[in-house]
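Novice: Questions regarding the structure given below will be posed in turn.
Numbering (mature numbering (1 follows the signal peptide of the UniProt record, and there is no 0)), first residue to last: -16 to -1, 1 to 162.
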């Protein structure tokens, strides 16, 4: 098989499964423009409140389609649900991954999340950011209606690969609020 045929086969195969190796700014817009809850099902770090790990983390978009992105983030620590309001901007520099910069207040510095992977068929995405020690941390985000979609396994495998097996599950069966 010639190099061209192999490259074409790989490109078509990847496209057929709904994801590409280099997501675009339009992919990022699509990923965050749903009215569904977007769950963080796995990540490579822990957050705590009152000594209890955050779990059942999701965001819900609160802004209108033509407005800057605003979200409410919900999470459980123990049996308590909590939430915070977040603001986000999207951007992309030439030859770099799209970026979602998340702030907890208008005008605050924010945390830039690189948009590394998007599977449009199963609506799952992988984002990364640098922690305070300069290490990459990763998160797997999944739309509510796709939590049980078989294609999410591809996203989980990609997260496992790029995080070198450091992923932690924070979504559990009891996570969905009533």
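Even for Gly, the Cβ is constructed at its ideal location relative to N, Cα and C. Note that the coordinates shown come from a computational prediction; the quantities given were computed from them, not determined experimentally.
Within its chain, find whatever has a CB closer than 7 Å to the CB of residue 142; leave out the 5 residues flanking it on each side and keep chain order.
Specialist: On the chain shown, position 158 is the one that residue 142 refers to. These residues qualify, in order along the chain: 101, 110.
Novice: Would you report the Cα separation of residue 156 and residue 42, rounded to the nearest angstrom?
Specialist: The residue given as residue 156 occupies position 172 in the chain shown. The residue given as residue 42 occupies position 58 in the chain shown. Each residue's Cα considered, the two are about 12 Å apart.
Novice: For residue 11, report the span of its alpha helix (DSSP H) as first-last.
Specialist: On the chain shown, position 27 is the one that residue 11 refers to. Note, residue 11: alpha helix (DSSP H), 9 to 16.
Novice: With H, G and I counted as helix, E and B as strand and the rest as coil, what does DSSP make of residue 142?
Specialist: In the chain shown, the residue the question calls residue 142 occupies position 158. Helix, per DSSP.
Novice: DSSP on residue 120, reduced to helix/strand/coil?
Specialist: One-based indexing of the chain shown puts residue 120 at position 136. Residue state, collapsed to three classes: strand.
Novice: Taking the straight line between their C-alpha atoms, what separation do you get for residue 86 and residue 92?
Specialist: As a working note, residue 86 is residue 102 in the chain shown. As a working note, residue 92 is residue 108 in the chain shown. C-alpha separation (whole angstroms): 9 Å.
Novice: According to DSSP, is residue 129 part of a helix, a strand, or is it coil?
Specialist: Locating residue 129 in the chain shown gives position 145, where the first residue counts as 1. Three-state result, residue 129: helix.
Novice: Which residue comes first and which comes last in the beta strand (DSSP E) that contains residue 67?
Specialist: In the chain shown, the residue the question calls residue 67 occupies position 83. Here the beta strand (DSSP E) through residue 67 covers 64 to 75.
Novice: Would you mind reading off the limits of the beta strand (DSSP E) that contains residue 181?
Specialist: The chain is shown from -16 up to 162; residue 181 falls before or after that span and cannot be answered.
Novice: Just to confirm the assignment, what range does the beta strand (DSSP E) spanning residue 28 have?
Specialist: Walking along the chain shown from the start, residue 28 turns up at place 44. Counting along the chain, residue 28 falls outside any beta strand (DSSP E), and DSSP gives it neither H nor E.
Novice: Have a look at 81, 118, 146 and flag the residue whose alpha-carbon is nearest the alpha-carbon of residue 9.
Specialist: Against the chain shown, residue 9 aligns to sequence position 25. Of the candidates 81, 118, 146, the one whose C-alpha sits nearest the C-alpha of residue 9 is 81.
Novice: Please report the distance separating the alpha-carbon of residue 39 from that of residue 79.
Specialist: Start at 1 with the first residue of the chain shown, and residue 39 comes out as number 55. Start at 1 with the first residue of the chain shown, and residue 79 comes out as number 95. If you take the alpha carbons of residue 39 and residue 79, they lie about 34 Å apart.
Novice: Can you give the Cα-Cα distance for residue 44 and residue 148, rounded to whole angstroms?
Specialist: In the chain shown, residue 44 corresponds to position 60, counting from 1. In the chain shown, residue 148 corresponds to position 164, counting from 1. Taking the straight line joining both Cα atoms gives about 29 Å.
Novice: Out of 47, 65, 54, 18, which has the shortest C-alpha to C-alpha gap to residue 160?
Specialist: Start at 1 with the first residue of the chain shown, and residue 160 comes out as number 176. Ranking the options by Cα distance to residue 160, first place goes to 65.
Novice: Which same chain residues end up closer than 6 Å to residue 165 when comparing Cβ atoms and leaving out the 5 residues on each side of it in sequence?
Specialist: A question about residue 165 goes unanswered here, because the residues of the chain that appear run from -16 up to 162.
Novice: Roughly how many angstroms lie between the CA atoms of residue 151 and residue 62, to the nearest whole one?
Specialist: Reading the chain shown from its first residue, position 167 is the one you call residue 151. Reading the chain shown from its first residue, position 78 is the one you call residue 62. If you take the alpha carbons of residue 151 and residue 62, they lie about 21 Å apart.
Novice: Which residue from 55, 126, 146 puts its Cα closest to that of residue 119?
Specialist: Here residue 119 is taken as the residue at index 135 of the chain shown, counted from 1. Measuring from the Cα of residue 119, the nearest candidate turns out to be 146.
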